[in-house]
Amino acid sequence: MKLYKAFVTVGGLTMVSRVLGFVRDILIARALGSGAVADAFFVAFRFPNLFRRLFGEGAFNAAFVPLFAKRLEGEGEASAKEFAEQAMAGLLLVLVLFSALAMLAMPWLMAVLAPGFISDTDKYELAVRLTQIAFPYLTCMSLVALLSGVLNSMHRYWAAAAAPILLNVVLIAAIALAIVLGYASKPQSGYILAAGVFVAGFVQLAMLWVAVKRAGLDLRIVRPRYTDGVRRLVQLGIPGLISGGITQINIVVGTIIASMQAGAVSYLYYADRLYQLPLGIVGVAIGVVLLPDLARRLRAGDHAAAMDSQNRSLEFALLLTLPAAVALLLAAEPIIRVLFERGAFLPADTPKTAYALMAFAVGLPAFVLIKVFQPAFFAREDTRTPMYYAGVNMVVNVVGSIALFFLFRHLGLMPHVGIALATTLAAWINAAMLILTLRRLGDFQSDRRLTRNLPLILLASLAMGASVYGVLIWLGPYLASDARLTVKVGALIAVVGTGVVVFAALTITSGVLSLTQLRRFTRRQR
């Protein structure tokens, strides 16, 4: 139950962050729509984010957290603190050098990242400048990822989970300032947003630094040294770096191809933001909590507890992900219409974004399953197996994106939807390989509770989908583009409320969840 409480803590704070992220994206859609400035900013924001996930959240944390947790469990806080300082010094050196080179080479790098922009000189130059302004965000957030790994290994989850809230608060203030100054759809709004990204990185870093200090680890900046601990970190990190790099190549390929269609970068961005809500709340919560939990349990030799953690993580993931995927698939267009269709975001943009969201929704359970099963490898200091499977993921995604984009364009369909479908297909293949390997090695077996509950969760999700579909038909006129905003919001709330009530009633009456469990999830831990 402590594991579930940690999921709820991280998931709850992530939900706050995602809600603020929606406010941010609603304002960006109103001010920028899917025009040239929007495309330039989204590319500029994605570039440092791409390398942040590569250096920080992906490869580095996959190797750092198990090693830090082992030191903490077996040798005490002093040894763990020394290792964290050595790792931070090496990471900082690499990041500063890489960032400086990337910012200087950005006029040439942009030709690789967004070749479709080359024909529009103004858009291309704007994307280059905005990326150079935002790029220091990479260094800040990679250090934030390290500090988050330290805190999570010490079972202190709230600060790391709350840090993204600051990013959204800063960017909301930035886009609001741009609107007030009359810079909507103008390049100046892009500069203000890029500066907001820059500031938000340092604000989040300061918050995590203070949180680690209050946790009892007063980390110092030390001279980089290639110690035995750092050597082991590099040995584990290189396969993770390749694995994370492959994942990020998928994102780069999607951006490259999407840049060949006007507005496609923006359509995919808005759709991505919506399906990232359940993925963030569930997948991020599991990824943050499960890896240090498994590492410490395996270090202590408690394999039964480690197996239980994996079963409960999978149950928790599908309990929230399956109904979310069904709802996004059925209600994609009204959701996009209510959230974004105003200002520079035109009615014609709604179906183009909605179809991309539907394609992503089909893959939502797979994206979360990857978050559940990858930590089982990382906690055992196996970063190679996920690397190989990520390679398969990359091939499927790259080939599929290229093939489906041009096939859809040839058939007169929406080409960018092919990119989203390829991403979904690759995710399902990756998830299947991870779970089959764990079962073959004996590192994952479904327990009785999971075997009983999964079919019930699936049936409850399908029944919820039927009820949502019926309400959508009934309230269709109130969700049309020409309806008043307050009417559309009320109708969408009714649709969502119906789905929540039906799914909750079915899971409780079937015994998947009990009222006692719900009270325990929300009760504050002593």
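To convert a position in the sequence shown, counted from 1, into the working numbering, add 157.
We put the CB at the ideal spot given by N, CA and C, even for glycine.
Here the structure is a predicted model, which means the values were calculated and not measured.
If you look at residue 491, you'll find it in the alpha helix (DSSP H) that goes 460 to 497.
In summary, residue 329 is buried, with 16 or more beta-carbon neighbours lying within 10 Å of its beta-carbon over all protein chains present.
By the Cβ test, the region 613 to 632 is in contact with the region 643 to 659, since at least three Cβ pairs between them sit closer than 8 Å. Its chain contains 193, 197 and 274 as the residues whose beta carbon lies nearer than 6 Å to that of residue 280, once the 5 sequence neighbours on both sides are disregarded; these appear in chain order. When the alpha-carbon of residue 528 is set against those of 500, 474 and 517, the nearest one is in 474. The beta-carbon separation of residue 493 and residue 272, rounded to 28 Å, does not stay under the 8 Å limit for a contact. Between residue 224 and residue 532, the alpha-carbon positions lie close to 13 Å from each other. With distances taken between CA atoms, residue 184 lies nearest to 327 out of 641, 548, 266 and 327.
By the criterion of at least three beta-carbon pairs nearer than 8 Å, the region 421 to 438 is in contact with the region 503 to 517. Of the candidates 331, 201, 592 and 464, 464 places its Cα closest to the Cα of residue 604. In the three-state reduction of the DSSP assignment, residue 296 falls in the helix class. If you draw a 10 Å sphere on the C-beta of residue 367, you find fewer than 16 other C-beta atoms in it, and that means exposed. Burial state of residue 370 is exposed, judged by a 10 Å Cβ sphere holding fewer than 16 other Cβ atoms. Residue 234 carries a helical assignment under DSSP once its states are collapsed to helix, strand and coil.
Residue 190 sits in coil when the DSSP states are folded into three classes, being neither helix nor strand. By the Cβ neighbour-count rule, residue 639 is exposed, with fewer than 16 other Cβ atoms within 10 Å of its own. Taking each of 426, 355, 171 and 606 in turn and checking the Cα distance to residue 513, the smallest one comes out for 426.
Here residue 651 has 628 and 632 as same chain residues with Cβ atoms under 7 Å from its own Cβ, once five neighbours each way along the sequence are excluded. C-alpha of residue 244 to C-alpha of residue 612: approximately 44 Å in a straight line. Secondary structure at residue 618: helix, using DSSP grouped into helix, strand and coil. In the structure shown, residue 601 falls within a coil segment according to DSSP collapsed to helix, strand and coil. Counting the other CB atoms within 10 Å of its CB gives residue 382 a total below 16, which places it among the exposed residues.
By the beta-carbon neighbour count (other beta carbons within 10 angstroms, threshold 16), residue 467 is buried.
The beta carbon of residue 202 sits closer than 7 Å to those of 291 and 354, all from its chain and outside the five residues before and after it, given in chain order.
In the structure shown, residue 538 adopts coil according to DSSP, grouped into three states. In this structure the region 256 to 270 does not touch the region 329 to 346; the number of beta carbon pairs closer than 8 Å is below three. Between the region 516 to 525 and the region 657 to 668 there are fewer than three inter-stretch CB-CB distances shorter than 8 Å, so the stretches are not counted as touching. The beta carbon of residue 250 sits closer than 6 Å to the beta carbons of 381 from its chain, once the five residues preceding and following it are set aside; these are given in chain order. A straight line joining the alpha-carbon of residue 386 with that of residue 241 spans about 10 Å.
Between residue 592 and residue 526, the gap from beta carbon to beta carbon is short of 8 Å.
One Cα belongs to residue 362, the other to residue 256, and the distance between them is close to 17 Å. Scanning 348, 307, 558 and 259 for the CA closest to the CA of residue 229 turns up 307.
Ranked by Cα distance from residue 339, the options 170, 356, 263 and 187 are led by 187. Nearest C-alpha to residue 599 among 582, 254, 546 and 537: 537. Between residue 544 and residue 572, the alpha-carbon positions lie close to 29 Å from each other.
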